[in-house]
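Q: So the sequence lines, in the order shown, correspond to chains C and H. Position 89 of the first sequence, counting from 1, maps to 89 under our numbering, and the rest follow consecutively. To convert, take the position in the second sequence, counting from 1, and add 131; that gives our numbering. Ideal Cβ positions, reconstructed from N, Cα and C, are used throughout, including at glycine. I am attaching a structure below and will ask some questions about it afterwards.
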Amino acid sequence: MALHFELVSPERLLFSGDVAEVDIPGTEGDMGILPGHAPVLSTLRPGVVTVTKEGGQKERIFVRGGFAEVNPQGLTVLAEVAVPVAELHADLLAQQVKDAQEDVSDAQDDETRRRAQENLDHLLALQGALQ
Amino acid sequence: MPSLKDLRNRITSVKSTRKITKAMQMVAAAKLRRAQESALAARPYSERMATVLANLSSSMEGRDDAPQLLAGNGKDQTHLLVVCTAERGLCGGFNSSIARLAREHADKLLAQGKTVKILTVGKKGNDILKRLYGRFIIDTVDLRAARTLAFSHAQGIAQKVLKLFEDGQFDVCTLFFAEFKSVISQKPTALQLIPAAVSGGKTPDLGGAIYDAEPDEGEILADLLPRNIGVQIFRALLENAASEQGARMSAMDSATRNAGDMINKLSIRYNRQRQAQITKELIEIISGAEAL
C-alpha cells in the first residue's frame, strides 16, 4: 500500500505521486505519515519535509508557511514557499531570515511578535543545520 | 475633396498602424499562453485550500468564537471594494467592464446608505474610477514593475486588506476581477473576501472518522483564513492577467482587420481619383487640339 502525496505551492503543483512515507514538521512536533494514517489537519512550521519514495530514495524539500491535511485519499501539503533542499542556497535562506527579522521588528502586538520570533528561530535553526 | 497626395499619406499612415496592431496582437497571443499556464498551475492550491476551509468552517458553524474573517464582525456598514484591473490600455472593454461592475456595486451600496471605500490594483482602474469616485479611493497598488506575477505581490495586497480590517476600517470586502472564460470571453466578477464565502469545496469522505486537528481547529482557521485572502487575490490577479491578454488579442485582431478594410477603401478612392485626373487632362488636351 502506498501513500498518495501532493505538495502544492500557490504557483504550481510541485509533487504528486505515491510514496512510502513522508515526514512533516508540524507546529507541535514532527510527524511521520505512513499509508493509512488517521485524518489529521495540522499547520507546519518552517522546516524540511522528507519524502521516502517506494524504492527507498529520499527527497528533502524545504517548506515555509504551510499546512498539511491527511485524509483517506492521502496527504496534501500546502506551502507558501517550497524549495528542494538540493536547490536551497544560503542566499535564499539569508533572505528569508532577513524577512523574518523584519517581521519581528514590524510586529504590532505581543502575539504577532511571538509568532514572528518563533518563525525566525526556526529559520535560524535551519540555516545552522545546513551549514 | 482630398488631393492625391493627402490620400497617399493617409494610406501610408493606416498601413503603419496596421503593422503596430498586428505586432501587438502577436505579443498578446504569446503572453496569453504563458498567463493561461500560470493561472492553470495555481488552481490546485486554491482548490485544496477551499476544501480544507469548507471542512473546518462547517465544524465552526454557529460557534461564538468563530473568527471574524469567517463570520464577519457583525456589521455591514462600511464596504471595501478591491478593484483589480490592468496596467495598460488598448485591450478592448476589459478595464471598463470591471470598473463598470464595481461602479454599479458602489452605487447600489451608496443608495442603501452604506459607506464605500475603494482600493484599486492596476493603474487603469484607478484612472477610470478616479473621476467619479476619487473621494472613496483609499489606496492604489501598482504592479507595473512586476514582470511576472508572484505570490508575494498578492500577499502584499492581502496584508493591506487585513491590516485595514483589523483596524476596523471596513466590515465587508469584495474583490472585483475578470474571470477568464476563453480568449473571446472574459466575465467581470465580484467575489466576497471578508467574511469569507466558503462554499463549493467538497468535503472528502472520511469513512466516519473525524479530523484530528493540531493545534486545534480555531487556531488552524486563524492561521488559514488570512492566507486564504492572499490565495484568492493571487487567483484573481492571474485570471485577470490571462483575461487582459485575451481581451487585448481580440481587440487588436479586429483593429488589424479594420485597418485592412480601410486601406482597401482608401486605395480604391485613390485609384479612382487618379484615373479621373488623367481623363480630365486628356479631355483638356483633345479639346484644345480641336479648337485650333
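Using a Cβ-Cβ cutoff of 9 Å, what residues of the region 17-41 of chain C are near chain H? List them in chain order.
A: G26, T27, E28, G29, M31, A38, P39, V40, L41
Q: Should A237 of chain H be listed as close to the ligand GDP, given that the test is whether its C-beta is under 7 Å from any heavy atom?
A: The ligand GDP is absent from the structure shown, which contains no ligand whatsoever.
Q: Name, please, each residue of chain C whose Cβ falls closer than 9 Å to the Cβ of F282 of chain H.
A: Here residue 282 of chain H refers to the residue found at position 151 of the second sequence. The contacting residues are S9, P10, E11, E80, V81.
Q: In whole angstroms, what separates the C-alpha of A172 of chain H from that of E178 of chain H?
A: Taking the second sequence and counting its residues from 1, one reaches residue 172 of chain H at position 41. Taking the second sequence and counting its residues from 1, one reaches residue 178 of chain H at position 47. Distance between the alpha carbons of A172 of chain H and E178 of chain H: 11 Å.
Q: In whole angstroms, give me the CA-to-CA distance for L352 of chain H and P198 of chain H.
A: Counted from its first residue, the second sequence places residue 352 of chain H at position 221. Counted from its first residue, the second sequence places residue 198 of chain H at position 67. Computed Cα separation, rounded: 8 Å.
Q: Can you list, in chain order, the residues of the region 57-74 of chain C whose Cβ is nearer than 8 Å to any Cβ on chain H?
A: G65, F67, E69, N71, P72, Q73
Q: Taking any Cβ of chain C, which residues in the region 339-354 of chain H have a Cβ under 8 Å from it, in chain order?
A: A340, I341, Y342, D343, A344, E345, P346, E348, E350, I351, D354
Q: Going by other Cβ atoms of all chains shown within 10 Å of its Cβ, with 16 needed for buried, is T43 of chain C buried or exposed?
A: Position 43 of the first sequence, counting from 1, holds the residue named residue 43 of chain C. It is buried - the Cβ of T43 of chain C has at least 16 other Cβ atoms within 10 Å.
Q: Taking the CB atoms as reference points, tell me whether F365 of chain H and A285 of chain H lie closer together than 8 Å.
A: The residue given as residue 365 of chain H occupies position 234 in the second sequence. The residue given as residue 285 of chain H occupies position 154 in the second sequence. Cβ distance < 8 Å, so F365 of chain H and A285 of chain H count as in contact.
Q: For the region 106-130 of chain C, enumerate the residues whose C-beta is nearer than 8 Å to any C-beta of chain H, in chain order.
A: Nothing from the region 106-130 of chain C brings a Cβ to less than 8 Å from some Cβ of chain H.
Q: Sorted by chain position, which residues of the same chain lie with C-beta nearer than 6 Å to F282 of chain H's C-beta, five sequence neighbours on each side aside?
A: For the purposes of this step, residue 282 of chain H is taken as residue 151 along the second sequence, with counting starting at 1. Cβ neighbours of F282 of chain H beyond the five flanking positions: F365.
Q: Pair every Cβ in the region 353-362 of chain H with every Cβ in the region 44-56 of chain C, then say whether three or more of these pairs are closer than 8 Å.
A: no
Q: Take V83 of chain C and list the residues in its own chain whose beta-carbon comes closer than 6 Å to its own, dropping the five residues that flank it on each side.
A: Position 83 of the first sequence, counting from 1, holds the residue named residue 83 of chain C. Cβ within range, chain order: F62.
Q: For the region 104-116 of chain C against the region 84-92 of chain C, do three or more pairs of beta-carbon atoms, one drawn from each stretch, fall closer than 8 Å, so that the two count as touching?
A: Counting Cβ pairs under 8 Å, fewer than three are found: no touch.
Q: Going by alpha carbons, who is nearest to T363 of chain H out of H:R165, H:S144, H:I399, H:C215?
A: Position 232 of the second sequence holds residue 363 of chain H. Correcting the residue type first, residue 363 of chain H is Gln in the shown sequence and not Thr. Among H:R165, H:S144, H:I399, H:C215, the Cα nearest to that of Q363 of chain H belongs to H:C215.
Q: Can you check whether the C-beta of V183 of chain H is within less than 8 Å of a C-beta belonging to chain C?
A: One-based indexing of the second sequence puts residue 183 of chain H at position 52. So, interface residue.
Q: What are the start and end residues of the alpha helix (DSSP H) that includes N204 of chain H?
A: Position 73 of the second sequence, counted from the first residue, corresponds to residue 204 of chain H. Note, N204 of chain H: premise wrong, no alpha helix (DSSP H); not H, not E.
Q: Helix or strand or just coil, what does DSSP make of I416 of chain H?
A: On the second sequence, residue 416 of chain H is found 285 positions in, with the first residue counted as 1. Here DSSP, grouped into helix, strand and coil, assigns I416 of chain H to helix.
Q: Restricting to Cα atoms, I'd like to know which of H:A407, H:D302, H:S313 is closest to G205 of chain H.
A: On the second sequence, residue 205 of chain H is found 74 positions in, with the first residue counted as 1. Residue H:D302 is the option with its Cα nearest to G205 of chain H.
Q: Taking 8 Å as the CB-CB limit, is A173 of chain H close to chain C?
A: Locating residue 173 of chain H in the second sequence gives position 42, where the first residue counts as 1. Yes, because at least one Cβ of chain C sits closer than 8 Å to the Cβ of A173 of chain H.
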